Structure formats: structure tokens, C-alpha cells
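Data first, discussion second: the structure below is written as C-alpha cells.
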Ligand SMILES: Nc1ncnc2c1ncn2[C@@H]1O[C@H](COP(=O)(O)OP(=O)(O)O)[C@@H](O)[C@H]1O
Ligand SMILES: [Mg+2]
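In our numbering, the protein residues as written are 74 to 316.
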């Protein structure tokens, strides 16, 4: 079993330091801190309402934290506009997939393309990952199935040349074959040195690909550690995850 060390601030691609995030006057995050090393896959787990999506929204500047700091790739991104954070190389696969319904797949992918200082991806590589995608290019996105939309949403994140991809419950509502493709993509990103923060309800999927696990409850981090000991230990999973 290899030890997975928590990255120090200088080795991290992302570091979140003690953030407090609110919706109006309602506080959703209470002093959340976490960090992710280059090429590391971190699973963010926890029950509904724990603050997982809010953590992603805080990183992306969609719901900026009121207190605390967030650094990406050595730069302070706290309260920077979302488009600047994306342009620096933070990719996002939102839970509602959020693609433009009246545009074709080709157009959705074309407008996602960005250059960053990280590895660039092209459409051909997306077709290698999702073999069905090539044949969907001229379809309007509103006519796609959930699985097809997820392929577009993930490809869009890749074409943005990310150094970090935030996945929000990517396996939700998908057929097992597509879930498998999604998890293979996570591992492919890792091999290419891209970091992943993976929010999942499907604990088995998340543990299958994660290096490290962070568990949230009631807006706080309640556990952090390597994924390995959890993989083969249902009792430990029950204790830490309440499943
Ligand atoms: N738009 C919103 N307005 C007000 N409260 C919200 C909003 N979105 C989420 N919350 C609240 O913030 C808390 C964390 O939610 P969320 O981050 O969506 O949890 P998770 O993704 O872990 O299910 C919950 O108590 C939820 O009700
Ligand atoms: Mg959520």
C-alpha cells in the first residue's frame, strides 16, 4: 500500500484555506480547507446538502466565499470572475451538464476550446474516449440522451485545456457503460497529469479511481485520508461515510 501524503501548499495545484461561503444570509460552508496535488484524484463525498456543490461553486467563483482564500496554480483566485478562473485552466462538469440545448454538439465543443498553460486536448482525443461522440457532432444538444449530454459536457471541459477538472456527480442517471467511460476519463486525466476533484454519490465508483477521499457533512470537512484503506473495508466505509 503506497502512502498518499497530503500535498503542502507549494506542491498543490489547488488549495482552499478555511473558506466560509453563504447563500444570502444562509451559511453553507464553515471553514472548509483542502488541497489537491498535480495529477491527484480526490473524491469529495458526503450526504445531500453537505456542501459539495457549494465547494465547487466557491472554487469557480460562482458563489465566492465570504472569508478564506483559494489558490489555483500558484495564483489567488478568491473572488476572481468565473470566466478568468476557467481561462486559467479550471474545468467544470456541472451536475446539470449545462450545455447549450439549441446548438449542435460541434458548436458546443467549438466554443469550449481554450488555450491554457496546461496540456491541450483536441476533438479527435475526445472521440477516442467517447466513440459515439463523433457521430453526434451535427445533432442539436436538446435531442441527446443523458449519457450523450455527459459525453459533450466532459469533452467540453477537456477542450478547455484544464489543469484541474471539477466533476459534480458525473455518474448520476447514466447507464453502466457510460459510467465506466466517465471513470476511465478520470484515470486518463490523472495519467496526463491533470488533477481531478470528483464529487460522487456512487461511492464504489469514486473509490475505484480516487487517490484520496474527503468527506463533508453539514458544510464541514469531517474526514480526509487515502482511498486505499476504504476500498476493501465496508465497515470503515459505513463509519466514515454513513452508508
Ligand atoms: N441556491 C441556494 N440557495 C440557498 N441555499 C442553498 C442553495 N444551494 C445550496 N444551498 C444550501 O447549501 C447547503 C449545501 O448545499 P450543496 O452544496 O448543494 O450540497 P451537496 O452538493 O453536498 O448536496 C444545503 O444546506 C443547501 O440547502
Ligand atoms: Mg450537489
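Ideal Cβ positions, reconstructed from N, Cα and C, are used throughout, including at glycine.
Only a predicted model underlies this, so the values are computations on that prediction, with no experimental measurement involved.
Annotation: the continuous beta strand (DSSP E) that includes residue 94 extends over 87-96. With fewer than 16 neighbouring CB atoms inside 10 Å of its own CB, residue 148 falls in the exposed class.
The residue from 187, 189, 191 and 227 with its alpha-carbon nearest to that of residue 206 is 227. The closest heavy atom of ligand 2 lies 8 Å or more from the beta carbon of residue 275. For residue 188, the secondary structure class from DSSP, reduced to helix, strand or coil, is coil. Counting the other Cβ atoms within 10 Å of the Cβ of residue 254 gives 16 or more, which makes it buried. For ligand 1, the residues with a Cβ under 6 Å from any of its heavy atoms are, in chain order, 96, 99, 101, 119, 121, 122, 123, 124, 125, 126 and 127. Distances from the CB of residue 255 to the heavy atoms of ligand 2 are all 8 Å or more. Here the region 125-134 lies against the region 153-170, with 3 or more beta-carbon pairs under 8 Å apart. Out of 200, 124 and 161, the CA that lies nearest to the CA of residue 191 is found in 161. Rounded to whole angstroms, the gap between the alpha carbons of residue 195 and residue 173 is 20 Å. Annotation: the continuous beta strand (DSSP E) that includes residue 288 extends over 285-290.
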